[in-house]
Structure formats: structure tokens, C-alpha cells
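Residue numbers (my numbering): 22 to 399.
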Ligand code: SF4
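And the structure:
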């Protein structure tokens, strides 16, 4: 048994299928977030991005995780872009105190726009700005920049956006309103997709190699989640940089974790090692060693994206096929989806059997009165 009906997010009505195929035509503009949403759970993608059904919002008495993330992004954007515009490069030890005062001032202005108070707001404020006897996260970030961030890398672009409105002072000066075409390296359709997005930060070496970074105020995705195509931002943004700046050589997609004084620093999650240890000082997952192996990995991730779009066009929006849904706790749609661990267990064991019999990919035909859907089961 598999997800096979409209109640499972598998659209079987031909009119609905045609409409869906029309939505996701070659002109549709994707974001890394929307593609990741589909990769993790097509059903929640369908409810959220096609049906536009939102969860019920709770009244917040303090910043939500998203607002905290946005506040931190704004603080770091303003701080680093102001330094860059002033012609100041990496922060050195002698500049640290002055830089800290500038950073704290920006943070006070940013957080001052919120009108919360109470113990938990005070604790959050102190965790960022510090107290007289305890340094806060902002000072820890500066210490990291001065002492650990590799001196081979220069932070040069901040909030670089593409395919989005360009508002001076809110994004990098190299931003553009045009989308970026990302090629899918295969013989099938789509051969390319249009992407919009915003890259938090790009650090560049003196010989034009680029590390593409995303700030994270929460957990950092794991290397396997990225290499298995569940988290797609790093490969998409690497390709976007390659496309927008042909002179740059993007060698890594990394996360800059700014969660707490203990969970802080750049973690490179997708890239290759190469020979010259340019990323020394940056924590990295076990990468392919050579550029060629890295390109093979990138191509396989781009193919997965192509496969997702093919499935969207066919109207396939099933709940996750994982045995357990790792988003269940926070998912607004958990009471609407028919996630069933037992069904997934059966599908997994059928797949295992097929692979043991050397059948590889299994062509599965789901029949419905109105139409026939052909679905490739991995
Ligand atoms: S609970 Fe999990 S499977 Fe169900 S809609 Fe949410 S993310 Fe998808």
C-alpha cells in the first residue's frame, strides 16, 4: 500500500493535474525554501504553497524564533555592510572594542523596535548584549571573527538578493531583481529552473574562491540531509553565485551558526577539500576530496530538484515517506495529513526487497478512475 489517492495528496483529477502542470511551468519562480519544503514533505508544500492554508497563529508574548532569526540577520547585515562601505575589512584585535560598541548600538536599535518586557525578554536581551560580568553572543561573534574565522576569507557580500525587489540599505549593492536560471544537468525536463533568493553572506579569497553562507540562529542541517537532497539551499546558492558572478569559484556552502556563545561558528556542509586548506579553521563535514567528485555530488542534487519538479507537475503531493516525520511536532498540518508509519514501513520493505532482487528503481502505476499516474519510487 502506498500514498495513492487525492486524500494522500496524489491529484488524480485530470483538470487538477493540468492546472498544477500549468502552475509549475518553465516560468515558475522557485525559492530554496519552497524546494526544500517539497523535498521534506510534498503534502505540507501543497497545503501551504498551493492551497495557501496557514496554521493558526498563537498570540506571542515575546519574539518568535523567526523574529529572533530576522533580528539577528538585520543586526549582522547592518554591522558588516556598514564596515564594508567604510572600507574596513576583517576585524582585527585592535578594532574589536570599537566594533563591539558599533554592533551593540545596532542591536539596541533593532531590538528597541519591539515593545516586549518581562523576564524572558530581559534574558534574551542580555544573552545578546551581555551583562557587566558576562559577555553576550554579539561579543562572542566578534571574538570568533577576530580569532577563528580564517584570515584567507574576506566577508564581501551581505544579503545578496536576486529575483526580489532591491531596496537600497536592505540588501547587498550587487543585488538584482532578475531571477537566476539554474541548469538541471540531465536530458529530461525541466532543463532549468528560475530561482529567487537572498544569500546572507559571501566570503571571498584573494584568488576569487567564494564561501556561500547562511546565518542560523537555530540548528544547523546535517551533512547527510544536504547530500541526500532534503536541504537544498546550499547547492542552489552555490549555483546561483556561479551564475551571477562567472569570475567567482564557489567552493563551499556553509552555515554560520549564531545560536549561543557555545553554539557559534561557520560549519561548511557542502564543498570539496582541495589541496591548499583554504578553509582551515572552519568546521567541515567529510567532503569529497576533488573538484570532480564535488561536481558529481552537485549534479545529483540538481537532478533531485528536477525530479521534484517533475513530481509537482504530475500532482504528486504525498506526506513524507519517512517512517517517522521529524517535523511532526511543529507541523501545522499534522492533523490533515494521513502520515502512517505502518504504510511507510510496508513501502520501505517492498523497496528493500526490490533492491535485493536487483530491480533498482521500481516503476509503480497508480490507477484511478479518472486517470493514470506513473510514479517513480526510489
Ligand atoms: S506531519 Fe509531517 S508528513 Fe504530515 S504534513 Fe506535516 S510534515 Fe508532512
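Idealized CB from N, CA, C, for every residue including glycine.
Only a predicted model underlies this, so the values are computations on that prediction, with no experimental measurement involved.
Opening and closing residue of the beta strand (DSSP E) in which residue 232 lies: In the chain shown, the residue the question calls residue 232 occupies position 211. Unbroken beta strand (DSSP E) run through residue 232: 230 to 237.
Cβ neighbours of residue 277 in the same chain (closer than 6 Å, five flanking residues each side left out): What you label residue 277 is simply residue 256 of the chain shown in a count that begins at 1. Correct list, in chain order: 234, 236, 287.
Other residues of its chain near residue 211: CB distance less than 7 Å, five sequence neighbours each side excluded: In the chain shown, the residue the question calls residue 211 occupies position 190. The answer, listed in chain order, is 47, 205, 327, 330.
Nearest neighbour of residue 115, chosen from 187, 44, 168, 145 [CA to CA]: Within the chain shown, the letter at position 94 stands for residue 115. Looking at the Cα atoms, 168 is the closest of the given residues.
Residue 33 beta carbon near the ligand SF4 (any heavy atom closer than 7 Å): Here residue 33 is taken as the residue at index 12 of the chain shown, counted from 1. It does not: the Cβ of residue 33 is nowhere closer than 7 Å to a heavy atom of the ligand SF4.
Neighbour-count burial assignment, residue 74, 16 or more Cβ in a 10 Å radius: For the purposes of this step, residue 74 is taken as residue 53 along the chain shown, with counting starting at 1. The residue in question, residue 74, is exposed, as its Cβ has fewer than 16 Cβ neighbours within 10 Å.
Proximity of residue 322 and residue 274 at Cβ, strictly below 8 Å: Within the chain shown, the letter at position 301 stands for residue 322. Within the chain shown, the letter at position 253 stands for residue 274. In this structure, residue 274 does not lie closer than 8 Å to residue 322 by Cβ.
Same chain, Cβ closer than 6 Å to residue 308, neighbours up to 5 away in sequence not counted: The residue given as residue 308 occupies position 287 in the chain shown. Within the same chain, residue 308 has close Cβ partners 292, 293, 294.
Span separating the alpha-carbon of residue 312 from that of residue 133: For the purposes of this step, residue 312 is taken as residue 291 along the chain shown, with counting starting at 1. For the purposes of this step, residue 133 is taken as residue 112 along the chain shown, with counting starting at 1. The straight-line gap from Cα to Cα measures roughly 46 Å.
In chain order, each beta strand (DSSP E) run of at least 3 residues that lies wholly inside the stretch 254 to 281: Those beta strand (DSSP E) runs which fall completely within the stretch 254 to 281 and span 3+ residues are 270 to 279.
Classification of residue 136 by the beta-carbon crowding that lies within 10 angstroms, buried from 16 upward: The residue labelled residue 136 in the question sits at position 115 within the chain shown. That one is exposed.
Rounded Cβ spacing between residue 158 and residue 121 (contact assumed at less than 8 Å): If you number the chain shown from 1, residue 158 lands on position 137. If you number the chain shown from 1, residue 121 lands on position 100. With a Cβ gap of about 12 Å, residue 158 and residue 121 do not count as contacting.
Unbroken stretches of the alpha helix (DSSP H), 4 residues or longer, contained in the stretch 37 to 119: The qualifying runs are 53 to 61, 63 to 66, 86 to 106.
Residue 191 (DSSP reduced to helix, strand or coil): As a first step, residue 191 must be located in the chain shown, where it is residue number 170. It is coil, neither helix nor strand.
Cβ neighbour criterion (16 or more within 10 Å) applied to residue 232: Working through the chain shown from its first residue, we reach residue 232 at position 211. Buried is the call here.
Check: residue 355 C-beta below 7 Å from any heavy atom of the ligand SF4: Locating residue 355 in the chain shown gives position 334, counting from the first residue. Within the cutoff, so yes.
Exposure label - residue 268; buried when at least 16 CB within 10 Å: Within the chain shown, the letter at position 247 stands for residue 268. Exposed.
Euclidean distance between Cα positions of residue 153 and residue 131: Taking the chain shown and counting its residues from 1, one reaches residue 153 at position 132. Taking the chain shown and counting its residues from 1, one reaches residue 131 at position 110. Residue 153 and residue 131 have their alpha carbons spaced roughly 21 Å apart.
Cβ-based neighbour list, residue 349, same chain, cut-off 8 Å, excluding 5 preceding and 5 following: Here residue 349 is taken as the residue at index 328 of the chain shown, counted from 1. 355, 360, listed in sequence order.
Through-space distance from residue 55 to residue 316, alpha-carbon basis: Here the question's residue 316 lines up with position 295 in the chain shown. Here the question's residue 55 lines up with position 34 in the chain shown. Going from the Cα of residue 316 to the Cα of residue 55 covers about 23 Å.
Enclosing beta strand (DSSP E) for residue 180 [first to last residue]: One-based indexing of the chain shown puts residue 180 at position 159. Taken as a continuous stretch (DSSP letters only), the beta strand (DSSP E) holding residue 180 covers 175 to 183.
Coil, strand or helix - residue 204 by DSSP: One-based indexing of the chain shown puts residue 204 at position 183. Reduced to three states, the DSSP call for residue 204 is strand.
Where residue 29 sits in the DSSP three-state scheme: Here residue 29 is taken as the residue at index 8 of the chain shown, counted from 1. DSSP places residue 29 in helix when its eight states are reduced to three.
Span separating the alpha-carbon of residue 213 from that of residue 43: Taking the chain shown and counting its residues from 1, the one referred to as residue 213 is at position 192. Taking the chain shown and counting its residues from 1, the one referred to as residue 43 is at position 22. Distance between the alpha carbons of residue 213 and residue 43: 16 Å.
Which listed residue (200, 370, 186) has its alpha carbon closest to that of residue 260: Taking the first residue of the chain shown as position 1, residue 260 is located at position 239. Residue 260 has its Cα closest to that of 200, out of 200, 370, 186.
C-alpha gap between residue 400 and residue 36, whole angstroms: Residue 400 is absent from the model: the chain starts at 22 and stops at 399.
Proximity winner among 229, 24, 303, 299, relative to residue 271 (alpha-carbon distances): Looking up residue 271 in the chain shown gives position 250. Comparing Cα-Cα distances from residue 271 to each of 229, 24, 303, 299, the minimum goes to 229.
Cutoff 8 Å; reference residue 58; Cβ partners in own chain excluding five residues on either side: Along the chain shown, read from residue 1 onward, the residue named residue 58 stands at position 37. Once the five neighbours on either side are set aside, the close Cβ partners of residue 58 are 65, 66, 69, 70.
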